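Here full-length UniProt numbering is used: the first residue of the sequence shown is 1, the next is one more, and so on.
Right, one structure below, let's go through it.
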Amino acid sequence: HCSTELIPPLTHVVNMSLTQGLFPSALKQAKVYPKLKKGSALEASNYRPISLLPTFSKVMEKVVLRRLMNHCETNHLLTGKQHGFLKGRSTTSAIIALAEFIVENLESGKLVTGIMLDFSKAFDCLGHSLILGKLGSLGVGGTAMKWFKSYLEGRSQVVELTEINRGLSQAIRSNPLPIKRGVPQGSVLGPVLFILLTNDMPRYLGEHCEAVMYADDTTLLLAEHSPDELAVQSYIALEMAYQYCHENDLAVNASKTKQLAFGRRGVLVQTVPGVSLEEYSAFLGVIIDNQISWSRHIDALTAKLSSCIYVLKRIRQSGSLETAMIAYYALFQSHLQYGLAVWGASTATNTKRILVLQKRAVRILAGINSTDSCKEVFATLKIMTVISLYIKEVVLYVDAGTLPQGSNIHSYNTRYATHYTMPRHHLTLYEKTPAYMGRKLHNLLPNELRTLTGTRLKTALTAWLIDKPFYTLEEFLQWKN
Numbered sequence: 001h002c003s004t005e006l007i008p009p010l011t012h013v014v015n016m017s018l019t020q021g022l023f024p025s026a027l028k029q030a031k032v033y034p035k036l037k038k039g040s041a042l043e044a045s046n047y048r049p050i051s052l053l054p055t056f057s058k059v060m061e062k063v064v065l066r067r068l069m070n071h072c073e074t075n076h077l078l079t080g081k082q083h084g085f086l087k088g089r090s091t092t093s094a095i096i097a098l099a100e101f102i103v104e105n106l107e108s109g110k111l112v113t114g115i116m117l118d119f120s121k122a123f124d125c126l127g128h129s130l131i132l133g134k135l136g137s138l139g140v141g142g143t144a145m146k147w148f149k150s151y152l153e154g155r156s157q158v159v160e161l162t163e164i165n166r167g168l169s170q171a172i173r174s175n176p177l178p179i180k181r182g183v184p185q186g187s188v189l190g191p192v193l194f195i196l197l198t199n200d201m202p203r204y205l206g207e208h209c210e211a212v213m214y215a216d217d218t219t220l221l222l223a224e225h226s227p228d229e230l231a232v233q234s235y236i237a238l239e240m241a242y243q244y245c246h247e248n249d250l251a252v253n254a255s256k257t258k259q260l261a262f263g264r265r266g267v268l269v270q271t272v273p274g275v276s277l278e279e280y281s282a283f284l285g286v287i288i289d290n291q292i293s294w295s296r297h298i299d300a301l302t303a304k305l306s307s308c309i310y311v312l313k314r315i316r317q318s319g320s321l322e323t324a325m326i327a328y329y330a331l332f333q334s335h336l337q338y339g340l341a342v343w344g345a346s347t348a349t350n351t352k353r354i355l356v357l358q359k360r361a362v363r364i365l366a367g368i369n370s371t372d373s374c375k376e377v378f379a380t381l382k383i384m385t386v387i388s389l390y391i392k393e394v395v396l397y398v399d400a401g402t403l404p405q406g407s408n409i410h411s412y413n414t415r416y417a418t419h420y421t422m423p424r425h426h427l428t429l430y431e432k433t434p435a436y437m438g439r440k441l442h443n444l445l446p447n448e449l450r451t452l453t454g455t456r457l458k459t460a461l462t463a464w465l466i467d468k469p470f471y472t473l474e475e476f477l478q479w480k481n
């Protein structure tokens, strides 16, 4: 409501800051609120610090962020291995990149290992001179470099607690302490400065391994035909990663760094010295196991969804359908849909476990009995089944890529001009990758959908799938019949 009054002075301050290369000192102090995670309230280690910065600081940062990213994207300065905080990238794209590297190399007859690095307080350890040096290597200079120097330096923080005395709450603050290292916690530019600092890590590692990065989550992937060669290359890659971290103010927490091995049955993949070899590990919110079955992830997901069903039931009993629908999408479907492009091709038994819980949730929304059919209810409430959501995810994934279609191969029209070419393979596991399943399912769509791309495909496909609540992939594969 105050935009008319605030925009002119705020614009003036932003312009003066950028012109002079100075970040306002009044916007440099962070308030830190300790939030109890678990355990005793008397143990300082049980608290998570929540850092809050002035709102106007974030407005100014967003202006600079847009210019900085435009410079990096225009000049093609960003590594393709980083999936964090970049346009068109996400945790999902990182999960898909990891899964497809593993499966494609297994398809080639190789053994694969992944080393999931854990950085200790990655955002807090970075030296300001190092950050500025990396910005300089990306072409930032002059007044812009002066602005970033001013932005990083001269910062402080106070810890604020709320004390209740005789029924009255009162804020208590510590004395301010200077922040001499790291990127500002809770800031807009902080995470981006981190990914720019580590932008050269894949090039440093060279051909020794493939890196999949999401902010400070970094996984090294290696594939070799020989177990001995894989062990040697894994050791070299990890040592190079340690060296890179040493040179760039990063510390690897070896006790939390995990290794996973994927390969032929009976072939032993050696453990990298100092790293724990696990049967499964969490990666950006999904649990990947050494058989790539996604069973561990679905076990965890069913537990989450069961808890969500209890909450939905309470909300529906006391609230409207509209309120319950909002809760369904926020609590239930957000968990169900996360990482679905990779785990959605798990066994029919696994996906059925999820569908059973989803049907329970839909029955609660509709207020029908547990024995009543809910297939029509999915369509009425415009909720897609987990299978329909999976179809949408993988079809849109291949649509967003550059996979070859018939029209890109033939110079003349054919009846298969809108069909994706299917790669030859010998592993059943390969058929479960998002790229393969996306091609396969896209080819089976009605012709009027196959000719669409981008937003038009997304809109039309969503409407089509809502109208046809598939319970199994087999049902979709047979729908024309």
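Even glycine gets a Cβ: it sits at the ideal position worked out from N, Cα and C.
On a predicted model such as this, the values are computed, not experimentally measured, just so you know.
Please state the DSSP three-state secondary structure of residue i.
i, result
"T162", "strand"
"T113", "strand"
"K35", "strand"
"E153", "coil"
"T218", "strand"
"Y397", "helix"
"F383", "Contrary to the premise, residue 383 reads as Ile rather than Phe in this sequence. Residue state, collapsed to three classes: coil."
"E224", "strand"
"K468", "coil"
"E43", "coil"
"Q185", "coil"
"Q478", "coil"
"G190", "helix"
"L126", "coil"
"S108", "coil"
"R415", "Any reading at R415 must be qualified, since the residue scores a pLDDT of 48, below 50, and its modelled position is unreliable; the value itself is stated next. Coil at R415, not helix or strand."
"N447", "helix"
"G167", "coil"
"N199", "coil"
"H410", "The predicted position of H410 is uncertain, since its pLDDT is 36 and thus under 50; a value taken from the coordinates is nonetheless stated next. Coil."
"L331", "helix"
"N15", "helix"
Mind checking whether the beta-carbon of residue i lies closer than 7 Å to any heavy atom of the ligand NAP?
i, result
"P434", "For the structure depicted, the ligand NAP is absent and the ligand set is empty, with no information on it obtainable."
According to DSSP, which residues form a beta bridge with residue i?
i, result
"L138", "Answer by DSSP bridge pairing: none, since L138 is not bridged."
"Y390", "DSSP, once it has assigned bridges, lists no residue as partnering Y390."
"I179", "R155"
"residue 551", "Residue 551 lies beyond the range of the chain shown here (1 to 481); nothing can be said about it."
"S51", "V32"
"F85", "Looking at the DSSP assignment, F85 forms no beta bridge with any residue, so it has no partner."
"V212", "T219"
"V252", "F119"
Give me the residue from the options with the minimum Cα distance to residue i.
i, options, result
"L98", "L457, E210, A303 and F470", "E210"
"E163", "Q157, I172 and R155", "I172"
"A251", "A26, L126 and S93", "L126"
"F470", "N46, T351, I298 and I102", "T351"
"Q291", "G263, Q317, K304 and S320", "G263"
"G109", "K81, E224, R363 and L77", "E224"
"Q195", "S318, H425 and L65", "With the sequence shown as reference, residue 195 is identified as Ile, and Gln is not the correct amino acid for it. Residue L65 is the option with its Cα nearest to I195."
"A460", "V395, T421 and Q478", "V395"
"Q259", "R265, A324, N248 and Y280", "Y280"
"K58", "S45, Q29 and A44", "Q29"
"L445", "L6, H419 and I354", "H419"
"S346", "L168, V386 and H12", "V386"
Check this for me: beta carbons of residue i and residue j, under 8 Å apart or not?
i, j, result
"V267", "P227", "yes"
"T257", "D124", "no"
"L389", "L357", "no"
"L197", "K134", "yes"
"W147", "L22", "yes"
"E61", "L189", "yes"
"P191", "G274", "no"
"S156", "L177", "yes"
"G142", "S51", "no"
"G438", "Y397", "yes"
"T271", "I115", "no"
"I102", "F283", "no"
"A303", "D216", "no"
"A361", "I326", "no"
"E100", "A435", "yes"
"A237", "L222", "yes"
"H425", "E107", "yes"
"K81", "V212", "yes"
"R48", "K31", "no"
"L381", "R316", "no"
"L449", "L457", "yes"
"T113", "S276", "no"
Runs of beta strand (DSSP E) wholly within the region 257-327 (minimum 3 residues, chain order): You should have 258-262, 276-278, 280-283 and 286-289.
Contained alpha helix (DSSP H) runs [length at least 4] in the region 334-370, N- to C-terminal order: As for any alpha helix (DSSP H) of minimum length 4 sitting wholly inside the region 334-370, the runs are 334-337, 340-343 and 348-366, ordered along the chain.
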